[in-house]
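One structure below.
There are 2 protein chains.
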Amino acid sequence: MLRFKRLFETIVSILLSQRDLNPRVCNRSRMTDSTRQRILDTAEQLFADQGFHATTLRQITRQAAVNLAAVNYHHGSKDALILAVFQRRLDELNSDRLARLEAVLNASDPPELEDVLEAFIYPALLLSTQSAGDGGRFMRLLMRAWAENATQLHGTIARQYSHVMRTFADAVSRALGTSPDNLRQQLDFLIGALTYTMAETRDDQVEHTARALIRFGCAGLRDSALAANPQTSLKENIA
Amino acid sequence: MLRFKRLFETIVSILLSQRDLNPRVCNRSRMTDSTRQRILDTAEQLFADQGFHATTLRQITRQAAVNLAAVNYHHGSKDALILAVFQRRLDELNSDRLARLEAVLNASDPPELEDVLEAFIYPALLLSTQSAGDGGRFMRLLMRAWAENATQLHGTIARQYSHVMRTFADAVSRALGTSPDNLRQQLDFLIGALTYTMAETRDDQVEHTARALIRFGCAGLRDSALAANPQTSLKENIA
DNA sequence: GTCTATACAATGATAGAC
DNA sequence: GTCTATCATTGTATAGAC
């Protein structure tokens, strides 16, 4: 009973939160945005350090120097706050990815598979070490959130950024010279490897890890394409 | 109606309880084991359906028809209960993996890389569709748990099953004909892809998904080994 | 040893005054 | 928009019955 109410409110706040991305509706006063922002920053840091469950709203509001009720007023619920923390970072991440991909495609079409994968992988590994406050690793957050709230949060994120995935699938298929139809599963393998890796990569390993993962993913994608489309890819592979 | 279900579950868990415990510690009465087991089963089902955070101890104890305090008495805390739910399944999983790997190594040494990866991947995908009660997918649990409790639970699990990973790393290195030193990172890529995939694989896709992931992983591992050890692997690759 | 009833501090959320 | 006061619910601890 109570659960349905919470779920409803979370959904509502997710829907409402989309207007924040739109500059036209951003009419709030500076003081309000400052409170919103301060809650978001503090929450991200505490979540990364302690986990979602262990972090209380009272900790967040005390450290952010705002009232306890403010978090519910601005974000609706604790779950919605978690989602908001994610969306801010994932918006950055996917913007960065798309910008790099566009640069790659402008340089040469069809592109090199390595370059496409680098545009996808490198920003993610950078994000995992840069953000989340003082050296905290952001991507532990993603895995943590995934766990707690799996169906809802994962579904929301996947739906919201599906166009990014589709764009990259197209680019990969052009690089491989095959149809993008059967590519989705292999891209999921790559996403899994990337996500898992992000949770444990340190700042000084980013370059090395990115190169290893790009190589690993390229080999897997090329071989799988070779399986789906033997005659076309074979000669390309030999050449 | 509910009473028959409870009675049935009680009988089943009494029967099952005999194999699950270490014989040395098996001094408990059957009635006690039944309570422990019933808590574990009910918790697993509810965790998979609702997530860890959303599931309350009162829900579990009510549905399992045991007292609220029983869960703390038998497992210590909610977090420890979560860990216990995992260990039961992961013990099965890794036993299955090691048994299959041993069969592969007995058949031929050095083994085929595909066979080694199949021994690692296939049981996991099977588990993700079989267990967790009524068609629930167990591996959503793993991702969920990762999230909530990341440092502690992930660390515990990784430490506890590190020997399994080492055994597989050895087998892979023998199949590739290279040193196992630089293999760990590529195996992590594979684990990430596997974990991510398990969360979304349906019962009827297991065979197809397993084949695709094995192929993907083999290609990635072979190419990475080729990078680390050019001259040795090159001719093997051509041959 | 196992189980039960009960109590407790802390949490997320809310209502209403300002 | 913000705050104070308050609520129901949570995980956990304990005392005592079988």
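So the protein sequences, as listed, match chains D and E.
Position 223 of the first sequence, counting from 1, maps to 571 under the numbering used here, and the rest follow consecutively.
Position 213 of the second sequence, counting from 1, maps to 561 under the numbering used here, and the rest follow consecutively.
Don't be surprised by glycine CBs; every beta carbon is placed ideally from N, CA and C.
All figures in this text were calculated on a predicted structure; none of them were measured in a lab.
**Study point:** Proximity of Val419 (chain E) and Thr403 (chain E) at Cβ, strictly below 8 Å
**Key:** Locating residue 419 (chain E) in the second sequence gives position 71, counting from the first residue. Locating residue 403 (chain E) in the second sequence gives position 55, counting from the first residue. Against a cut-off of 8 Å, the Cβ pair of Thr403 (chain E) and Val419 (chain E) comes out as no contact.
Practice item. Determine the extent of the alpha helix (DSSP H) in which Asn577 (chain E) is found, giving its start and end residues. Key: If you number the second sequence from 1, residue 577 (chain E) lands on position 229. Where Asn577 (chain E) is concerned, there is no enclosing alpha helix (DSSP H), given that its DSSP letter is neither H nor E.
Review point. Under 8 Å between C-beta atoms, does Ser572 (chain D) make it to chain E?
Key: The count along the first sequence starts at 1 and reaches residue 572 (chain D) at position 224. Output row for Ser572 (chain D): interface = yes.
Review point. So, helix, strand or coil for Asp368 (chain D), using DSSP?
Key: Here residue 368 (chain D) refers to the residue found at position 20 when the first sequence is read from its first residue. The predicted position of Asp368 (chain D) is uncertain, since its pLDDT is 36 and thus under 50; a value taken from the coordinates is nonetheless stated next. It is helical.
Check your understanding: Is Asp518 (chain E) close to chain D, meaning its C-beta is less than 8 Å from at least one C-beta of that chain?
Key -> For the purposes of this step, residue 518 (chain E) is taken as residue 170 along the second sequence, with counting starting at 1. Asp518 (chain E) does not count as touching chain D.
Exercise for review: Quick one: using the 10 Å Cβ neighbour count with 16 as the cut-off for buried, is Glu450 (chain E) buried or exposed?
Suggested key: As a first step, residue 450 (chain E) must be located in the second sequence, where it is residue number 102. It is exposed - the Cβ of Glu450 (chain E) has fewer than 16 other Cβ atoms within 10 Å.
Check your understanding: What is the rounded straight-line gap between the Cα of Gln553 (chain E) and the Cα of Leu531 (chain E)?
Key -> On the second sequence, position 205 is the one that residue 553 (chain E) refers to. On the second sequence, position 183 is the one that residue 531 (chain E) refers to. Going from the Cα of Gln553 (chain E) to the Cα of Leu531 (chain E) covers about 29 Å.
Review point. From D:Tyr544, D:Ala523, D:Leu542 and D:Met546, pick the residue whose C-alpha is nearest to that of Leu574 (chain D); which is it?
Key: Position 226 of the first sequence holds residue 574 (chain D). It is D:Ala523 whose Cα lies nearest to the Cα of Leu574 (chain D).
Review point. Can you tell me the Cα-Cα spacing of Asp444 (chain E) and Leu388 (chain D), whole angstroms?
Key: Numbered from its first residue, the second sequence carries residue 444 (chain E) at position 96. Numbered from its first residue, the first sequence carries residue 388 (chain D) at position 40. Cα-Cα distance, rounded: 45 Å.
Review point. Count the other CB atoms within 10 Å of the CB of Asn442 (chain D); is the residue buried (16 or more) or exposed (fewer)?
Key: In the first sequence, counting from the first residue as 1, residue 442 (chain D) sits at position 94. Asn442 (chain D) is buried by the Cβ-count criterion.
Practice item. Please decide whether Gln534 (chain D) counts as near chain E, where near means a Cβ-Cβ distance under 8 Å. Key: On the first sequence, position 186 is the one that residue 534 (chain D) refers to. True, the Cβ-Cβ gap to chain E drops below 8 Å.
Point to revise | Option in D:Ser572, D:Ala576 and D:Ala560 with minimal Cα separation from Glu322 (chain D) | key: With chain D covering 349 to 587 only, the question about residue 322 (chain D) has no answer from this structure.
Review point. Under 8 Å, do Tyr470 (chain D) and Ala558 (chain D) count as touching if we go by C-beta distance?
Key: Counted from its first residue, the first sequence places residue 470 (chain D) at position 122. Counted from its first residue, the first sequence places residue 558 (chain D) at position 210. The answer is yes: Cβ separation under 8 Å.
Review point. Does Gly481 (chain D) get closer than 8 Å to chain E when you measure Cβ to Cβ?
Key: As a working note, residue 481 (chain D) is residue 133 in the first sequence. In this prediction, Gly481 (chain D) has a pLDDT of 47, which is less than 50 and means its spatial position is unreliable; what the coordinates show is noted afterwards. With 8 Å as the cut-off, Gly481 (chain D) does not count as an interface residue toward chain E.
Review point. Quick one: is Ala567 (chain D) near chain E, going by C-beta distance under 8 Å?
Key: Taking the first sequence and counting its residues from 1, one reaches residue 567 (chain D) at position 219. Closer than 8 Å: yes.
Practice item. Kindly list, in the order they appear in chain D, the residues whose Cβ is closer than 8 Å to that of Tyr470 (chain E). Key: Here residue 470 (chain E) is taken as the residue at index 122 of the second sequence, counted from 1. By Cβ distance, chain D contributes nothing, its closest Cβ being about 15 Å from Tyr470 (chain E), past 8 Å.
Practice item. Taking Ile434 (chain E) as part of the alpha helix (DSSP H), name the residues at either end of that continuous run. Key: As a first step, residue 434 (chain E) is located in the second sequence; it is residue number 86 there, counting from the start. The sequence shown places Phe at residue 434 (chain E), rather than the Ile named in the question. Phe434 (chain E): member of the alpha helix (DSSP H) spanning Lys426 to Ala455, first to last residue.
Check your understanding: Hey, is the stretch 533 to 551 of chain E in contact with the stretch 565 to 574 of chain E, meaning 3+ C-beta pairs nearer than 8 Å?
Key -> yes
Practice item. Please name the residue, chosen from D:Arg563, D:Arg550, D:Val452 and D:Gly568, that lies closest to Ala576 (chain E) on a Cα-to-Cα basis. Key: For the purposes of this step, residue 576 (chain E) is taken as residue 228 along the second sequence, with counting starting at 1. Out of D:Arg563, D:Arg550, D:Val452 and D:Gly568, the CA that lies nearest to the CA of Ala576 (chain E) is found in D:Arg563.
Point to revise | Within-8 Å CB hit, Phe537 (chain E) to chain D | key: Within the second sequence, the letter at position 189 stands for residue 537 (chain E). For Phe537 (chain E), the answer is yes, since a Cβ of chain D falls inside 8 Å of its Cβ.
Practice item. Measure the Cβ-Cβ separation of Ile505 (chain E) and Phe434 (chain E) and say whether it is below 8 Å. Key: In the second sequence, residue 505 (chain E) corresponds to position 157, counting from 1. In the second sequence, residue 434 (chain E) corresponds to position 86, counting from 1. Result yes, Cβ atoms of Ile505 (chain E) and Phe434 (chain E) sit closer than 8 Å.
**Study point:** Pick from E:Arg386, E:Val520, E:Arg507 and E:Ala413 that is closest to Asp457 (chain E), judged by C-alpha positions
**Key:** Against the second sequence, residue 457 (chain E) aligns to sequence position 109. Of E:Arg386, E:Val520, E:Arg507 and E:Ala413, the residue nearest in Cα terms is E:Val520.
Review point. Is Val414 (chain E) near Arg436 (chain E), with beta carbons less than 8 Å apart?
Key: In the second sequence, counting from the first residue as 1, residue 414 (chain E) sits at position 66. In the second sequence, counting from the first residue as 1, residue 436 (chain E) sits at position 88. Result no, Cβ atoms of Val414 (chain E) and Arg436 (chain E) do not sit closer than 8 Å.
Check your understanding: Is there a Cβ from chain D that is less than 8 Å from the Cβ of Phe434 (chain E)?
Key -> Residue mapping note: residue 434 (chain E) aligns to position 86 of the second sequence, counting from 1. For Phe434 (chain E), the answer is no, since every Cβ of chain D falls outside 8 Å of its Cβ.
Exercise for review: Note down the Cα distance separating Ala412 (chain D) from Ala567 (chain D), rounded to an integer number of angstroms.
Suggested key: Mapped onto the first sequence, residue 412 (chain D) falls at position 64. Mapped onto the first sequence, residue 567 (chain D) falls at position 219. Approximately 47 Å between the Cα atoms of the pair.
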